[in-house]
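Chemist:
Numbering (the working numbering), first residue to last: 90 to 189.
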């Protein structure tokens, strides 16, 4: 419970924009890793260390819940990409089936 209580000291009105920017950069880097490697696990697991190092280098603190949030955002991006690829494959199969 102390993690949740300490979160109010990490997030204030001036740091919300910085944290959202870190989430965006983390998601972009992890998505590039996913596109290059085609491995969802490496991309998902790399999002937490990327966010942590960005946060520690540029903002000088981090929080466990924010790391989980970065991993959750990356998981949603991976699911969206996989759903898009699956819909593309289904439409190709439907077109092939219609041509027969």
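The C-beta atom is built at its ideal place from N, Cα and C for all residues, glycine as well.
So, using beta-carbon positions, are residue 108 and residue 147 closer together than 8 Å?
Modeler: For the purposes of this step, residue 108 is taken as residue 19 along the chain shown, with counting starting at 1. For the purposes of this step, residue 147 is taken as residue 58 along the chain shown, with counting starting at 1. No, the Cβ-Cβ distance between residue 108 and residue 147 is not below 8 Å.
Chemist: Within 10 angstroms of the Cβ of residue 144, are there 16 or more other Cβ atoms? Answer buried if so, exposed if not.
Modeler: Counting from one through the chain shown, the residue named residue 144 turns up at place 55. Buried: at least 16 other Cβ atoms inside 10 Å.
Chemist: By DSSP, does residue 101 sit in helix, in strand, or in coil?
Modeler: For the purposes of this step, residue 101 is taken as residue 12 along the chain shown, with counting starting at 1. Residue 101 falls in the coil class under three-state DSSP.
Chemist: Quick one: any contact between the segment 130-141 and the segment 152-169, if contact means 3 or more CB pairs under 8 Å?
Modeler: Output reads yes: the segment 152-169 touches the segment 130-141.
Chemist: Look up residue 149 in the DSSP assignment and say whether it is helix, strand or coil.
Modeler: Position 60 of the chain shown, counting from 1, holds the residue named residue 149. Residue state, collapsed to three classes: coil.
Chemist: Under 8 Å Cβ to Cβ from residue 132, same chain only, skipping five residues before and after it: list those, please.
Modeler: Translated into positions along the chain shown, residue 132 becomes position 43. Answer for residue 132: 119, 120, 122, 123, 126, 163 and 167, listed in chain order.
Chemist: Does DSSP put residue 177 in a helix, a strand or coil?
Modeler: On the chain shown, residue 177 is found 88 positions in, with the first residue counted as 1. Helix.
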